[in-house]
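Residue numbering for the sequence shown follows this note's numbering, beginning at 33 and increasing consecutively. Each remark here refers to the structure printed beneath this line.
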Amino acid sequence: MLPRGGWISAFIIACAPAAFGDDAPLPVEASEPSAETATAAVEEPVIETEAPPKDAPWSIATDVESFSLTSDARGLSLHKPMYLLPGTYSGRYPGNNSEVLFAISLKFRVHKSVPLYLAYSQKSYFQALNGSESKPFRENNFNPEAFFRLKPKRPEKWWHLATDVGIEHESNGQSLPDSRSWDRLYIAPYWQRDKTLVYWKWWWRIPEDQNRPPTDPKRDDNPDIQDFTGYTELKIQQQLFKHHQISSNFRYNPTTGRGSAGIVYTVPGPGDAFFWTFYAFNGYAESLLDYDRSVTRVGVGISVAR
C-alpha cells in the first residue's frame, strides 16, 4: 500500500510521457553520477599541438641547425653527407664519360642509453651519358662501420670536446684486377660549438697479406693506399649567413706529399627539405679505384644531409 501522497506521485509519473511525448525522459531518483559520466565530465579533449620529437626512433629529417655527422638522434638518423649531383665535370671523365655522383649515409643508435652506432655509407659513380657501354656504374664504394661516441653530459665543462672510436670497412665490390678494399680502426676527436664543427679522424689500417698470388682475392689489392690518403683526415664545417654551410675536408701524407682537398657548399632549398649543393674536389682517393690517380671534379646538385 502506497504511503500518503504516493498516489499523486504515481499518477504524475504515469502521465508524463503522454504530456511531453514518448521521448520525454522519465524522472530519475537522485543518485551519484556513474563512473563513465564522471570520467566524461572530467576529461577534456586532447589536441596535439607539437610535432614528434626530432630524436624519435626511425625519424629521418633534415635539420638546418645541426651537423649530421655528430647528431645524437635515437634510432635511424643521417650520418655523412648525402647528395645527388646530376651534373659533374672531371678532366679524367669528360664527354660521354661524365658522371652522376651520389652518396647515401645513415647511422643507427643501438640503444638510447648506450652511444653505440652502426652506420652505412655508399658513394656511386654513374656514367649516365655513356650509352656505348650501356650507361654503367663505373664504381660503387661501400663503407659499413661501427663506432662508440664518448661525449660528456655537460660539454661546456670539457671545452665542447668529444670523441668517436670505431672500426670500418671500405671496398668497391669489384673483381680482380679492379678490386679495392681496406679495414681501419679509428679515433676521431672533435670540437663542436654553436655553428662550428672540427672533426679530426686518425686511423690505423688492419694489415692484409701482400704475399699471396696476384690472382688470390684475399691478397692486399692496394698496399700503398696510405701513401695517397695519409693517416688522417680533417673535416671543418661552418654555418654561414642564413643556414648556409661550407664543409671542407683535407688529407695529406707529408712523407709522399700527396693528399686531397674537397669543399661542399650548401644552401637550404624550398621548405628546408633539401639543400642546393656545389661540390669541388682535387687530389687522390676520391674513389677507391682512383686512389692512386689525381682527380679534379666540380659538380652541382642537391643534398639531404650535410
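All residues carry an ideal CB built from backbone N, CA and C; glycine is no exception. Computed from a predicted structure; not experimentally measured.
Can you tell me whether residue i is helix, strand or coil according to DSSP?
i: Lys155; result: strand
i: Ser164; result: helix
i: Thr120; result: strand
i: Gly127; result: helix
i: Trp190; result: helix
i: Leu101; result: helix
i: Gly301; result: coil
i: Tyr284; result: strand
i: Leu208; result: coil
Could you tell me the boundaries of the alpha helix (DSSP H) in which residue i lies?
i: Gln242; result: Where Gln242 is concerned, there is no enclosing alpha helix (DSSP H), given that its DSSP letter is neither H nor E.
i: Phe260; result: 257 to 261
Judging by CA-CA distance, which residue of the options is the nearest neighbour of residue i?
i: Lys155; options: Pro245, Asn162, Asn175; result: Asn175
i: Glu318; options: Val330, Lys227, Arg338; result: Val330
i: Thr228; options: Gln271, Val142, Tyr316, Tyr157; result: Gln271
i: Ile295; options: Phe282, Trp190, Gln242, Arg106; result: Phe282
i: Asn204; options: Glu240, Asp196, Leu320; result: Leu320
i: Lys167; options: Lys189, Ala151, Asn128; result: Asn128
i: Arg237; options: Asp248, Ser207, Gly198; result: Gly198
Below 9 Å between beta carbons: does that hold for residue i and residue j?
i: Ala194; j: Gln224; result: yes
i: His201; j: Ser211; result: no
i: Ala337; j: His111; result: yes
i: Trp187; j: Pro246; result: Before going further, note that residue 187 is Pro rather than Trp in the sequence given. No.
i: Ser100; j: Met114; result: yes
i: Lys233; j: Asp104; result: no
i: Ser109; j: Thr120; result: no
i: Gln159; j: Arg141; result: no
i: Tyr311; j: Gly291; result: no
Using the rule of at least 16 other Cβ atoms within 10 Å of the residue's Cβ for burial, across every protein chain shown, is residue i buried or exposed?
i: Lys267; result: buried
i: Gly289; result: exposed
i: Gly123; result: exposed
i: Asn173; result: buried
i: Lys274; result: exposed
i: Glu265; result: buried
i: Thr81; result: Caution is warranted here: a pLDDT of 38 is assigned to Thr81, below 50, making its placement in the model unreliable, and the coordinate value is therefore given only provisionally. Thr81 comes out exposed.
Assuming residue i is part of the beta strand (DSSP E), what are its boundary residues?
i: Asn173; result: 169 to 182
i: His275; result: From DSSP, His275 is part of no beta strand (DSSP E); its letter is neither H nor E.
i: Ala317; result: Where Ala317 is concerned, there is no enclosing beta strand (DSSP E), given that its DSSP letter is neither H nor E.
i: Phe306; result: Note, Phe306: premise wrong, no beta strand (DSSP E); not H, not E.
i: Tyr323; result: Per DSSP, Tyr323 belongs to no beta strand (DSSP E) and is neither H nor E.
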